[in-house]
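Numbering (my numbering), first residue to last: 722 to 876.
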């Protein structure tokens, strides 16, 4: 009797773990897709606000982070383990910090203050005197990294 209860609990635990892993994969894929939309639509990111030909170094940096998201999703799908969940959660914490600290690169992209660049990145309203981009995507990306970090690290 006790063995069958243990077996049921183990199967239930394994089923819950698979669900956690699937949600983790979905979160990482969503991060990848949002980043792709930013990469393909943000002309300011592509050209440093029109001052260089495509593609600007920051664009390649964001491309690299999107590939890490994709690779993480594939690994988590192929070999779901707690250590991979924690690694993915740690990556999401790192990316959250990266996105927040990105405002300190304001001079590299032609802004005169941190506040102006923060407004461009994180206020979901079109910033005057900029090329085409979709406002709110950086906000969405930041919020999704925070949610992903919390979700993946608590499991």
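In this text, a Cβ means the ideal position worked out from N, Cα and C, and glycines have one as well.
Everything numeric in this text was worked out from a predicted model, so none of it was measured.
Beta-carbon gap between residue 712 and residue 754 smaller than 8 Å: Given that the chain is displayed from residue 722 to residue 876, the structure contains no residue 712 and the question cannot be resolved.
Touch test, the segment 806-822 against the segment 863-875, Cβ-Cβ under 8 Å, three pairs minimum: yes
Any 3 or more C-beta pairs closer than 8 Å across the segment 784-792 and the segment 838-854: no
Host alpha helix (DSSP H) of residue 867 (start-end): 858-875
Backbone secondary structure at residue 834 - three-state DSSP: coil
C-beta atoms of residue 877 and residue 820 nearer than 8 Å: No information on residue 877 is available, as it lies outside the stretch 722 to 876 that the chain covers here.
Cβ-based neighbour list, residue 867, same chain, cut-off 7 Å, excluding 5 preceding and 5 following: 817
With 16 other Cβ atoms within 10 Å as the buried cut-off, status of residue 752: buried
Separation of residue 834 from residue 869, as counted between CA atoms: 30 Å
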